[in-house]
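Heads up: the sequence lines are chains C and W, in that order.
Positions 24 to 921 (the working numbering) are the ones given, in order, by the first sequence.
Positions 13 to 390 (the working numbering) are the ones given, in order, by the second sequence.
First comes the structure, then the notes that go with it.
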Amino acid sequence: MKLRTLELEQFRKFARPVRVAGIRDGLNVLCGPNEFGKSTLLAAIRGLLFERYGSKADPIKRMQCWGGNAAPRLAMEFEVGDGVWRIEKRFVHQPYARLTAPSGARFDNDAAEERLQELLGFGAAGKQGAKLEQMGVWGALWVTQRDSVLQPDLAGARGTISGCLDAEVGVLTGTEKGQALLKQVRERLFEMVDGNGKPKGRHRTLNEEIAARDKTLGTLRDRAARLAEDAEALREQTRRRDREGDPAAAEADAAALADARRRLEAVLLHQRELERAQTAHELTERKWQDALAEHSARCERIRRIVESRASADAEMRAAETARATVAAVDAEIERARAGVAAAQARHEAAGCNAHRLRRIEQVARERQALALLEAALAEAETVEERRRALQARFDAARVTPERIEAIRAAVRERDTARSALDAQATVVAFELLPGHEGSVSIAGEVLAPGRRTIAISDEAEIAIAGIGRIVVSPAIQNHVKLAKRISAAELHLRESLMATACADHDAAERGAAERSAAERDLNDARAQLARLVPGNPQIGLMAGIEALREKVDASRRVSAIAFVETGPEAEDAPEDILARVRAADAEEDAAKHALSSSAAVLSGAQERRSALHETQVRADERVDAERRALRRFESDAAEADAREPEVQLTERIAETDCARQASGATLAALERARPEDTPEGMRARVARYEQAVKDRDARVQRLNVTIAEIRARIAGEGGFGLDEEIARVERERDAFARERAGIAHEIAVLTLLRDTLEAAEREAKERYLEPVVRRITPHLQGLFPGAEIACDEAFRITGLTRAIAEEFDRLSDGTQEQIAVLARLAFAEMLVDRGKPAMVVLDDALAYADFDRMERMFDILAQASRKVQILILTCREDIFARLGGTRLEVKACDVVAA
Amino acid sequence: MRFIHTSDWQIGKSFGFADDAAQALRDERLEAITRLGQIARERDARCVLVAGDVYDVQTPSEKTLRQPIERMRAFPDVEWHLIPGNHDPHTPRGPWERLRGLQDAPANIQLHLTPDPAPILGGAAFLLPGVLTRQHAMSDPTEPMDHAATPDGATRIGLAHGSLIGFGSDPASTHNRIAYDRPARAGLAYLAMGDFHGAQSHGERAWYSGTPETDDFGTGGAGGGDVLVVDADGPRAVPRVARERIGRFAWHRLDATLYNTSDLDVLETRLRELAPQAPGTALVWLTVSGALSLPELDVFEDRIVHGVGSALRVLRLDRAELRPRVSESDLNAIDHAGFVRTAADRLAAVAADDADPAHEIAAAAMQRLYVMSRGGRR
C-alpha cells in the first residue's frame, strides 16, 4: 500500500480543513515542531481506517475538535495494486463511510468498511473501538510516539506473517501435538529423575534398597569369609596337633639334645685353655713393655735437660737488652716534656693578642656606624626644615577642592542658563556713523562708532540722543525662570568666592592650583624624610627623625667609653685591624699545632718505655722457670740411675722379650686348634632341644585348647543358614536391580525421545524463522557489522550477538529502538515481497540515536524505502534534513469530503 | 529288586532370577520328595537312592536342613539312602554332621558318610557309596568301590556324585571326576549317579537320574523332572530302567521369528498351548527376532509380553533381535509432517542402523513415540 493524500477537518486540533498531499513512493518526511499535530495525522490515518464510522466509542468522541461538537471528517487516497482508492469518513454526527475504487465503483457505509478491511487485511473494530489485534500488520508497522522503543506487537499480524512464512518455507505443523508429547515425556521422566538428573521417587527408593542390601551382603559375606577362615584354621590346627603328638618325633628330639650337649662340653673345654694362654701372654707382654718404657723415659729426660739450659741462657740475654733500652727512652721522655711546656706558653700568648685585636676591631666598626648615623641625621634635619615650611604654606591655602568645585558648579549653572537665554536673544546690529559718538546708548552704555552686534535677552532700551528711545523686548520662553537661575547661580558664585577670599573665578582657580602644588611638595618632603629615616630593626632603631636623634646620642656615649678602653688604635680602619686579627689567629693556630706535636712525641716515648719494661719482666720470669725445670730433671735422672743402673735395665729388656715370644707361640697353637662349633650356637641348640622336649606336651595341650576355641567361635558365629540368607538378600537385591535397570532403560528411551523431539522442534523453529532473520540481518549488519539476531516463535527478537550474545531486554533503549525499527522494515519488506499491502510510519522515532547510528539508520531507511513506502513524522527538522526523501507539508484546503 | 534312583534335590535353591516365582519353585522341590515317596509306594520300590546334592548349600538353616527329612519321615515304609554331593559335601560342620547329630532322626533314612558297603532292602543288594568330603575333590569318589568287600554273589549298587570322565563333563574340570568304566571295574550291577540335572545313561549300568524338579532352562539330557525306577535282578543282570515324570514345572526355551500379525498369532498359540490347563506351571525363555511394524510391536507388547506373560509362571524375553519395521504409514500415523515427524524419522533411522550403539534405545523410543502419539502411555 502507498499513501498518497490525507485530509482532516474538525479532527482534534485541526478545526479547519487541512491536507497533506504529494506523498510519494519511498521516503516521505513531515517535519514540524512539538504540538504541531504530527501524531494527530497518524491518529487520523488509524481512525479513518480502523474505526467504524457509526461507532459511539470513546476513541470516536476523542476525534472531535477540541472545545467543539462538530463532526470530524477524514479522507485518504492510497494505492493498492494498480490504482488509487479513496476512503472518506464522517464521524459522530450524520456519520458515513465511502470508498471509491480505482474503477470509480463506490462502496458506502458498512460495505465501504468491509471492502476496506478486505483490501488492507484487518479486522472490524469492536464496540470499544479498534484494538491492536484488529489492526492486522498495520498496528505493528505504524509506530506511535513512545512505542518506537518497543518491538513490533504482532498481536494482529502474526497470522499474516505466518502466512507469508508458510508460503515461503512450508507450514510449521505439529507444534501443538509435539508440545503435548514433549510435556508427556518430560512428566514421565520427571517421575524418575529430578531437574538435575538425580533419581527420585521409586528410582531413588530402589537405589537406597540396593545400597542397603549391598551393605547387608557385605556384612554377611564378611561373616561367611570369617567362618571359612575359621574352618581353615581348624583344619590347620588339627593337623599340627596330630603332628606334635607323633612319638617318633619326640625320640628324634631327645637324640638331638644329647648330641648338642656333648658338643657344648668340648667347645667349652677348649675355650677355657685358650683363655689361660691369653692371660699368660698378656702378662709377659706387659713386663717387656714396662722395661722399654723406662728406657724411653731416661732418653727423654736427657734431651729435656739440654733444651732447658739453652733456653734459660737465651732468655737472660733478652732481659738485659730490654733493660738498656728503657734507660735510653727515659732520657727521651724528659726532652719531650720540656718541648711541651714551651709550646704551651707560646699558644697562650698568641690567644691573648688575638682577643685584644678583636675588641679593637669591634670598637672601630661601632665608630664607623656612628659616623654614618650622624650623616643621615644631618640630611634628615635639612629635609625636616623644608617640610615644616611647606606644611605652613599648605595650611594657609584657602581654596580647598570642595570650594573650587562649588565655584565651578556655580559658574557652570550660570553659563548654562545664560546660554539658554542668549540662544533666544534678539540680535540687534548697529552701525553708527562717525561723528555721532555718544548719540546712541543701549541700556545705558554708549555706543562707539562703527559696526556692532548686540544680543539682547532682557528688555533693553536704546536711547538715541535727540531722537528718542527704542525699547527692545525679546520674546524669550521661560525668560523669567532663566533669569532667576542666572541670578541664583551668580549669588552662589559670590558666596563661594567670598569663602576663598578670591575676587573671581580665575583667581580661585589659581588659588586651587597653588594649594595642589603645595600639597605635592609637602608629600615629596614627607616621602624624602621617610626614605632618610626608615629605621633599622637590626640595630633597634625605630623609623623617624626623633628615634634617629636618640640613637645617635646613645651611640656617641658608648663609643666614648670604648675609645678610652682601646686607645687610639681604634681610630684605624677596621679592615686594617681585621688583617691584624687574622695574623694573630694564624699565630695562635701555629702554636696550638706545635703544642699537640710535642705532646704526641712525649706520649709515644712513654708507650715505648712501658712495652720495653714489660718485655724485660717477662724475660726475667722465664729465666726463673727454666732454671727450676732444669733442677728437677737433673734430680730425677740421678734418682733413676741410683734405683736401677743402665746395664741392669738393658738386661731386663732382653729377658722379658724372650718370655713374651714363648707365650705368643703357645697361644697361636691353641687358636689353630679351635673347634667349628661355637659355645653360643651349641648353648642355643641345647636350649632349643631342651625346650622342644620340655614343651611338647604343653604344646599339644595348647593346640587342643586353640582347636576348642575355634570350634566355639564357629559355633558362636552360627553360620547355619548364612548362605541362604546371602542368597535371599541377593535375590532381593537382584530383583531391585532388575527393576532399576528397567527404569534406567525407560529413562534412556524417554531421554532419547525427548532430546530428539526437542532438537527437531528447535531446528523447525529455526528454519521457520529463517526468512524473518534473513531479512532483518542485512539491515542489522548495516547498523552493527557482523551482528546476528535470535528470534522466538512470536517473531520477537530475543537476542543480539555481536562479540558475545546479549539478551534483547538488556540492550540500551537506543539500541532496542533501532533494532525494533529494523524489524518493522524487515516485516514490511517481507509483506511487500509476498504481494501484501504494507508501509511503515514512524512517529518521532530514533530519539535515542547518536550521530553515527543516525547516519547508519538513515542509510538503512533509504535502502528499505526502495521497496517500502516510509512516512516519517519528526520534530527534528535539522537532523532529518540529512535523510533526504520527499518533504511533506500540511496545507489548508477546502472542505474535506462532501 | 526294584529301587528308585533320584538326585540333585538341592533343597534351599534360591532362584534369584525368578522374582515372585522363586518361592513357588523352592516349595515345589519339597513337594517333589513327597511325590517320590508316593511313586516308590505305587511302584513297590521300597528303596530310594539319592545320589547327592540333597541340599543346595553347605550350611542350610535349621528349617532347610530338616524340611526334606520331615518329608521322608512321612514314608516310614520306604528306605531312603543319602550321600553328600558337591553342593553339600561331608565336612566337619556340614549338613551331614548336623543330621547325624539329630536326636529324632527317622530310622528309614540312612546317611552314607564313609565308603563302607551297606546292605539295602534287607541285604538284597549292597550299596557302595562314593563320599565327597570337599566341594572339589581331586580324587575319584568311586575309586574305593573297586576294593569294597561284599559277600560273594551280592548285587553291588554304586551310589555317587560327580562327572563321568569323557562323557559330558567339562574336560577342563579336574575334580569330582568318575572313571567311565567304574561299573565294570567295581563289578557294579548299577551305578546311580547325581550331578547332571537331566536324566541320561552312560552304558547299560551307569545313569544320571537328573533332578526331580527342573531348575534351569539349560539342564541338558532329558531336561529334568524325572525319576528312575530301576529293576536290578542280579549282580550281572542288565538293569531295567524306567524314566517317570515327576516334575510339576516345565521349563521351555523357545525361539520365534516375527514378521507379521499371523506370526504373532502363531506365537501366542504356541505359548498358550504349552500348558493350556495350567499355564502357571510353565516357565518360558523366549528369544524373538525378526521385524514388526509399529502397530504390530504394540500388539506384541499387548498380547505376548503383557497377556501371555501374565499367564505363565515366568516369561523371560530376549528381544534384542526384534526390530521395528517402520513404514511410511506408521510414520504418518505419528504425524504427517512437522517436527514430531522429523523426530520420528530420525529415531527410525537410528533404530535401523545396527552399527549405531543407540539403535535398541532408538527402537524403543520410536515405539514409545508411536504409542504416545496415539494416546497410549506404555
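Don't be surprised by glycine CBs; every beta carbon is placed ideally from N, CA and C.
For residue i versus residue j, is the C-beta distance shorter than 8 Å?
| i | j | result |
| --- | --- | --- |
| Gln87(C) | Gln140(C) | no |
| Lys892(C) | Asp105(C) | This sequence places Gln at residue 892(C); Lys is not what is there. No, they are not a contact pair. |
| Ser221(W) | Thr46(W) | no |
| Ala846(C) | Gln117(C) | no |
| Leu266(W) | Ile316(W) | no |
| Gly144(C) | Val166(C) | no |
| Leu61(W) | Asn98(W) | no |
| Tyr67(W) | Pro118(W) | no |
| Val363(C) | Ala622(C) | yes |
| Thr63(C) | Phe101(C) | no |
| Ala471(C) | Glu484(C) | no |
| Ala153(C) | Phe73(C) | yes |
Go to residue i, then tell me how far its alpha helix (DSSP H) extends in each direction, as first and last residue.
| i | result |
| --- | --- |
| Gly232(W) | Run containing Gly232(W): none; DSSP gives neither H nor E here. |
| Pro307(W) | 306 to 311 |
| Pro131(W) | It is not in any alpha helix (DSSP H) - Pro131(W) instead sits in the beta strand (DSSP E) that spans 130 to 132. |
| Glu256(W) | Careful: Glu256(W) lies outside any alpha helix (DSSP H), inside the beta strand (DSSP E) at 252 to 257. |
Going by beta carbon distance, what residues of the same chain come within less than 8 Å of residue i, once the five residues before and after it are set aside?
| i | result |
| --- | --- |
| Lys150(C) | Ser78, Ala80 |
| Ala262(W) | Thr226, Gly237, Leu286, Ala287, Thr293, Ala294, Leu295 |
| Thr183(C) | Gly144, Gly159, Val160, Leu854, Lys859 |
Kindly list the residues whose CB is nearer than 6 Å to the CB of residue i, restricted to its own chain and excluding five residues on each side of it in sequence; keep chain order.
| i | result |
| --- | --- |
| Arg335(W) | Ala303 |
| Leu140(W) | Pro129, Met157, Ala160, Arg168, Gly170 |
| Ala921(C) | The predicted position of Ala921(C) is uncertain, since its pLDDT is 47 and thus under 50; no value can be drawn from it. |
| Asp237(C) | none |
| Leu792(C) | Cys814 |
| Val913(C) | Val41, Val43 |
For the beta strand (DSSP E) that contains residue i, what are its first and last residues?
| i | result |
| --- | --- |
| Glu811(C) | 811 to 814 |
| His264(W) | 262 to 270 |
| Asp243(W) | 238 to 243 |
| Leu29(C) | 25 to 32 |
| Gly491(C) | 491 to 495 |
| Val60(W) | 59 to 62 |
| Asp39(W) | No beta strand (DSSP E) holds Asp39(W); the alpha helix (DSSP H) holding it covers 34 to 54. |
For residue i, I'd like the list of residues in its chain whose CB is within less than 7 Å of its CB, leaving aside the five on either flank, ordered along the chain.
| i | result |
| --- | --- |
| Arg675(C) | Ala314 |
| Arg706(C) | Leu287 |
| Gly201(C) | Leu780, Glu784 |
| Arg910(C) | Val52 |
| Arg708(C) | Ala283 |
| Tyr712(C) | Asp276, Ala279, Leu280, Ala283 |
| Gln379(W) | Leu306, Leu309, Pro336 |
Can you find a heavy atom of the ligand MG that lies under 7 Å from the Cβ of residue i?
| i | result |
| --- | --- |
| His768(C) | In the structure on display, the ligand MG does not appear, and there are no ligands present to speak of. |
Length at least 3, wholly inside the region 182 to 256 of chain C: the beta strand (DSSP E) runs in chain order: The qualifying runs do not exist here; there are none.
Alpha helix (DSSP H) segments (min. 4 residues) lying fully within the region 140 to 222 of chain W: Within the region 140 to 222 of chain W, the complete alpha helix (DSSP H) segments at least 4 residues long are 194 to 198, listed from N- to C-terminus.
Touch test, the region 680 to 697 of chain C against the region 269 to 286 of chain C, Cβ-Cβ under 8 Å, three pairs minimum: Contact fails: fewer than three Cβ-Cβ distances are below 8 Å.
Given 8 Å, three or more beta-carbon pairs between the region 881 to 888 of chain C and the region 25 to 43 of chain C: Short answer: they don't touch.
Segments assigned beta strand (DSSP E), at least 3 residues, entirely inside the region 388 to 438 of chain C: Assignment of beta strand (DSSP E) within the region 388 to 438 of chain C, counting only whole runs of 3 or more residues, yields no such run.
In chain order, each beta strand (DSSP E) run of at least 3 residues that lies wholly inside the region 665 to 712 of chain C: With a minimum length of 3 residues, no continuous beta strand (DSSP E) run stays inside the region 665 to 712 of chain C.
Cβ contact (3+ pairs, closer than 8 Å) linking the region 244 to 261 of chain C and the region 77 to 95 of chain W: Too few Cβ pairs lie closer than 8 Å, so no.
Minimum length 4: unbroken alpha helix (DSSP H) runs contained in the region 517 to 560 of chain C: 528 to 555, all fully within the region 517 to 560 of chain C.
Beta strand (DSSP E) runs contained entirely in the region 71 to 103 of chain W, provided each spans 3 or more residues: Qualifying beta strand (DSSP E) stretches, in chain order: 91 to 94.
Within the region 36 to 90 of chain C, ranges of the alpha helix (DSSP H) (whole runs, at least 4 residues): Here the runs fully enclosed are 61 to 73, 81 to 84.
Contact the region 447 to 463 of chain C vs the region 490 to 505 of chain C: 3+ CB pairs below 8 Å: Result yes; three or more Cβ-Cβ pairs closer than 8 Å.
Length-filtered (4 minimum) alpha helix (DSSP H) runs lying within the region 297 to 359 of chain W: If we require 4 residues or more, the alpha helix (DSSP H) runs fully inside the region 297 to 359 of chain W come out as 306 to 311, 340 to 346.
Those runs of the alpha helix (DSSP H) which lie wholly inside the region 815 to 883 of chain C and span at least 4 residues: Every unbroken stretch of the alpha helix (DSSP H) spanning 4 or more residues and falling wholly within the region 815 to 883 of chain C is given here in chain order: 836 to 856.
Under 7 Å (Cβ pairs) to chain D, residues found in the region 107 to 133 of chain W: Included in the structure are the protein chains C and W, with no chain D among them.
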